[in-house]
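Sequential numbering of the sequence shown, starting at 1, is according to UniProt numbering.
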Amino acid sequence: MIPVAPQGKPATMDKTVFRFFDKFTSADEATRVRGACELIAFLASEPEKKEKERAYALKRLIRGVGSNTNASRAGYFTALVGYLEQVKDTEFCPGIMEIFSLVKSELSDSDKDGDDDDKQAQLKVELRIGKISVCGAIIGTGLVEGASDLELQTVLKTLKKGMHKAATPLAIMYLSELVKRIDTKKFTSVLWPVVEPKLNVAKEEQTMDTIYFLLAATSAHKKSVNKQFFQNNFGSPRMFHESNYPYLANLLWDIKSTVTINHPLYDYLLEQLVEQDKVASFWTHGVEPILKDEGSEHKFKDIVALRVLITILNRLKNFQFLPELLSPGLLEMVLRKTKNFAQLSEDVRELYQEAFEALIQCYPKISDEECKLQVFEKLVSAPSSILIEKYASNKIIQNLLATLSGESVQKAAQILKTLILSDNEAVLNQERIHATQALQKLLYNRHVLAENDWRLGHIKFFLNMGVFYSADGQKILKSSKNQSALSAELVPTMKSSFFHCLEQRHSKLADEKTFLLSIVEYVHEILEGSGVKTLRVPLSDEHLQYWHRMYKIVNGKQKNQQNQKLATVFHILVLYMGLHLFSDPELAASSIAELESVMKRVQAKKSASKLAIKQNGTAAEPEWIEVVVDLFLNLMSQNSHLLRRVIGHVFPHLSAELTLTAFNQILSVINLKDKTNPLSVDEKGDGDDGADDSKMETDEEDDDTSGVESDGGDSDGKSSDDDEEDDDDEEEEEEDEFSDDEDGEKVTDKMRLAIQQALGGANPETDTESVDLDDMNEEEGRKLDEALAAAFKMFKQSKKTKPTKAEERVETTLTHFRMRVFDLIDIYLKNSPNIIICLELMLYIFEMLPVAIKETKHKQILDRYRQIFNNLTKIKQFNIDVKDVSAEQLPQILTDLMEKVAKGSSFPDRNQYLLKACQFIVICSQLIEKDSKPANNKKHATIDQVFCKYLKEFIVDRNPPLTTNVFQTLFRMGWSGNWLLAKTLAAEGLKQETRIVRRTQTLQLLKELMKNRRFIAADSQTAQKSLKPIANNLAGYLEEREKSANISQNEFSELLQLLQELKNFQQQNAGLELINWKRTGAQIQKLRRFNLNSQTMNHYVRLCRQLQLEPIKNSQDKQQQQQNGTAKQNGVAKKKKKTDDGSDSSDEEEEEEEELQEPTSNGAVKRKKNGNAAKQKRLKKEERLKAASEGLETVSFVNVE
């Protein structure tokens, strides 16, 4: 605040203004800006009282813009512009002439004549920059817009006088800004006469600054600079003329530092070219010659080109010019630089990526499809290359293809096909490979999905080029004329693309069969007409016979129309296997034979009961589905994405036929207890160590880049097994820290036996005395040392060592195979699974969980186990067959689950798994009840009884098999068995002898039941009937609590909430009287004898409002306690009472109250017993002292001094 001066004396200046200026000289920009803001805010507060401060600040700011450092000049200039912007529309705004009077006084060099010449020259430069900066502040803040001619001339003369060497660009920049702020009349009469002498020179003498000014002038005042001026100086009637473009382009490229790229001329010039639709002509006549000139001396040619291109693309409106901007010179330069992309500096790489991104942003804005195709052809053809994406790690081509329409996609495919078949030697094989892969992906573009014939033609093209001898993909050649056929280097890519195309699914099975059959018939015609000599890898006679068998199967007439869908599935499998003969003949031939056998068995007889495995006491022949599952597992173990895709596609249609035995075949693969490798054993049981493993070692390779997969083995990345296989190798290489218990016991026993044998000669014949090592001679000692060394060496060798790389590779391969099998299980669970199979799966997972949790190498498998548990509880529809499963089986399954898991050894998250398992069993019982006949509806009650048994154990035991979370989940479900559980809970859990914790949890569970309003409303009559005994037990519980006058805070809170829910239910069912609410209200008021926390108090107040009672506040309760002479804490009386044996019962009460209600991971309840802990500590101390004084009872220290 400005101090008030005494009357008659001038007011003194507030010294606060001095402290702001120190921040303007800081090297930190944020500090300078903050200081400027603080100064402006200070001057803006009470401005009428700060005339002296404003005058002083303006003087300091004008003096400061002439400082000798850039940081100081920037700081003062920022503050000056901000201040003038703040006051320009107020009465406190200084006039232009007032400002220049300060410039004359503060930025004068008249008193520096005594300095030497260098200092004097430097000072003049600083003063010129200061004066120009003041002019810039006047122009930038808009003060000049209302200036008179005299004021404007003063500004212009100051700027013109400051045009000297380094200060010239700054002056012209402000002049260019001034041009945009004044009208044409003032420009013509005042500004142009001042600057014309400086600008009326030949174009060779022009600079970026003068060209920038001329562009600004001609843009703002088009007729003010006449044609004669440009004709005399530039040799053209206007600035933007074809003859002038080379000059302008050279002006942009002829720089000596990358800092110059930030000159405003670049943006302004290109912006004007874009607005006048002359950018294409400028690029063709001005830029392209520079880019194509290999002998050019421009040091930063590529950087300037990218800067210019980015600026144009960001401002471009007419995208018809885009193909012309992608000129051969530009594309050749970009391709040459991106080939060595990693060697470029980080800043240059970012500039290239910015250019690519600017190009990508243009694609959606192009409305003309022909323009898009021109851009596409320029990017994939010479002098560019389709590999530019790979070099620059940017998807500039793929993003363009994504914007094409259906017709344009077909034309783009033809461009790629032409590139593949090009006989130009300059086209690399790597480019053809990349084009082939791009064409294969383009066939399934969303805009051409309906073009089946067009797509089939291209698939046959891949087939002809990859499987047969062909030069153009149309005509098939014989092996004797294969000189003109496609190069052998490209054949694997063509073959891979063909099999990739087969991976794509069709919405209907019939469409897929038609698609495959058309390809098979096409191949069959070639083989019949030209023979196997047309194949690049000829089939043997045996394999050719399998082809004919396959062809006969798919073209045979279907006798049984009822199995039409099943026949279609098998035909699809056989067709795939027939085509797979050209990839893996042995596997395909054996698969065709098995499928043929299965089809005959399906047609010959109907399957017996799905769950039967014996007939007449003898082993039955395997069901056909078991053979199919075995075949699927064999195919999934191969290194072929196509086979996995096929299985994933047809398996949902076979899931309804799956038997328990067949499903057990699948489960055997994920059996972690079985240490044998399922991949090392073939169908006949012969060991083939690593035969299948070696096939899968390349499973993680990226075939998109190599293109050398035998059957098109790479997928589009959508299968879940690929996601699983991308995990870190570090996790797979971790050493297994948990050894098997049995192995550990064997090692310990062996070591103990070896040590006993080593000590055998030294062992005494009797145990009366031990061996004295001093009595042993040297020979005996040496033998003992050797024996012990051998024993410990054997122990060391028997210990587990880190697995070798080969073992890790085998383990990784097996894990990946198991992940694919898990995919089968997921597919099955999503397609109306059988209940009994799901229950078997649940029990099986419980058996495997401890093993998966114990060993860290099974982390991926453990995650899939958890996923299965989640999926089980989300199944919406089951394939229920009452003959296979009934409600009588569920109680036994539940009992087995409780005995083996809940009461078995503990493992992490066991309770969560048990919760989901119980939830799933209840869901199954509901579905079976719904599907069963009414006469059998009562059988499901046994499930209620089993849960009631464990509910009673929960109430009584401290470590029950099931925790409260399980029962909470059950009470939240719409299950009719909840009423029996609730009645049992109310009868057993509210007894006097029940522990406080369990009573509290009982009230909590009953509250959960009452909150399940949808379940209660579903059968209101049953609800009313069942709630009566529950209400009676609750009334008896209240009577007991009232007599004992003893209730904990938590128990009281849960009781209040339960009563609220009961009251709400009674209000919704008029005429129903479950509880005597008047009596209950009195009991609640009597139990209200201790301080309530905020949450409990809220529940209490709500219940009092419902019962129309007056709530008792905590202050009233405290007065009542003082009158009664008792005190309570957490609802438990502190007053002691003697038990029958004379001990204090208050300790037991406190102990019960301090029990924590949160279950641990194994279901046990934690307890804090501070009193017992202190007592045990004291007893242990007494025992230690007693042990230490043993033998000293007769010693007396009385006479010791």
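Ideal placement from N, C-alpha and C gives every residue a C-beta, glycine not left out.
| query | result |
| --- | --- |
| Under the DSSP definition of a beta bridge, which residues are partnered with N1091? | The partner list for N1091 (beta bridge, DSSP) is empty, contrary to what the question assumes. |
| If we call anything under 8 Å between Cβ atoms a contact, is L400 one with V375? | yes |
| Since residue 1220 and V922 should fall inside the 8 Å C-beta cutoff, what is the C-beta to C-beta distance between them, to a whole number of angstroms? | Outside the displayed span of the chain (1 to 1201) sits residue 1220, for which this structure offers no information. |
| State the beta-bridge partners of F468 as determined by DSSP. | L535 |
| Determine the extent of the alpha helix (DSSP H) in which N1050 is found, giving its start and end residues. | Q1049 to Q1068 |
| Assuming G140 and V81 form a contact by the criterion Cβ under 8 Å, report the distance between their Cβ atoms to the nearest whole angstrom. | 6 Å |
| My output table needs one value for residue 1206: the three-state DSSP class, helix, strand or coil. | No answer is possible for residue 1206: the residues shown for the chain start at 1 and end at 1201. |
| Can you give the beta carbon distance from N831 to S655, rounded, assuming they're within the 8 Å contact cut? | 5 Å |
| Specify, as a first and last residue, the run of the alpha helix (DSSP H) that E53 falls within. | E51 to G64 |
| Among L127, N1064 and E85, which has the Cα closest to the Cα of residue 1204? | In this structure the chain extends from 1 to 1201, so residue 1204 is not present and cannot be described. |
| Please work out which residues of its chain come closer than 7 Å, Cβ to Cβ, to G648, disregarding the five sequence neighbours upstream and downstream, and give them in chain order. | D823 and I827 |
| Please state the DSSP three-state secondary structure of N664. | helix |
| Hey, quick one: how far does the alpha helix (DSSP H) through W192 stretch, first residue to last? | W192 to L199 |
| K1181 to N911, Cα distance in whole Å? | 39 Å |
| Does DSSP classify N399 as helix, strand or coil? | helix |
| Out of A1018, L1009, A789 and S1094, point me to the one whose CA is closest to Q968's CA. | L1009 |
| Would the beta-carbon of Q665 fall within 8 Å of that of V628? | no |
| So the alpha helix (DSSP H) S497 belongs to, where does it begin and stop? | V491 to E503 |
| Alpha carbon to alpha carbon, how far is L1107 from I1075? | 12 Å |
| Kindly provide the ranges of any alpha helix (DSSP H) runs that are 4 or more residues long and lie completely inside the segment 135-190, ordered along the chain. | 149-162 and 168-179 |
| How should R645 be labelled, buried or exposed, when 16 other C-beta atoms within 10 angstroms of its C-beta is the threshold for buried? | buried |
| Can you give the Cα-Cα distance for F42 and L322, rounded to whole angstroms? | 53 Å |
| Do you know offhand how far Q430's Cα is from L387's? | 8 Å |
| When you compare each of S1048, I366 and M819 to N1093 by their alpha carbons, which one comes out closest? | S1048 |
| Suppose the cutoff is 7 Å on Cβ atoms and the five residues either side in sequence are ignored; what does the same chain contact list for L1109 look like? | G1081 and Q1085 |
| When you compare only the Cα positions, how much space is there between V179 and L156? | 11 Å |
| Helix, strand or coil for L331 per DSSP? | helix |
| Near S385, which residues of its chain fall below 7 Å by C-beta distance, leaving aside the five closest residues on each side in sequence? | L335 and E431 |
| Below 8 Å on the Cβ atoms is my contact criterion, and I expect L127 with A79 to pass it. Report the Cβ-Cβ distance as a whole number of Å. | Not confirmed; about 19 Å, so no contact. |
| With distances taken between CB atoms, is the gap from I99 to A147 smaller than 8 Å? | no |
| Since L927 contacts I835 with CB under 8 Å, what's their CB separation in whole angstroms? | 7 Å |
| So, with DSSP's three-state summary, where would you put L404? | coil |
| Between N634, L325 and L1038, which has its C-alpha nearest L309's C-alpha? | L325 |
| How many angstroms separate the CA atom of L784 from the CA atom of S668? | 49 Å |
| Below 8 Å CB to CB, which residues in the same chain sit around N452 once its five sequence neighbours on both sides are set aside? | F515 |
| Run through the DSSP bridge pairs and tell me what L477 is partnered with. | Y469 |
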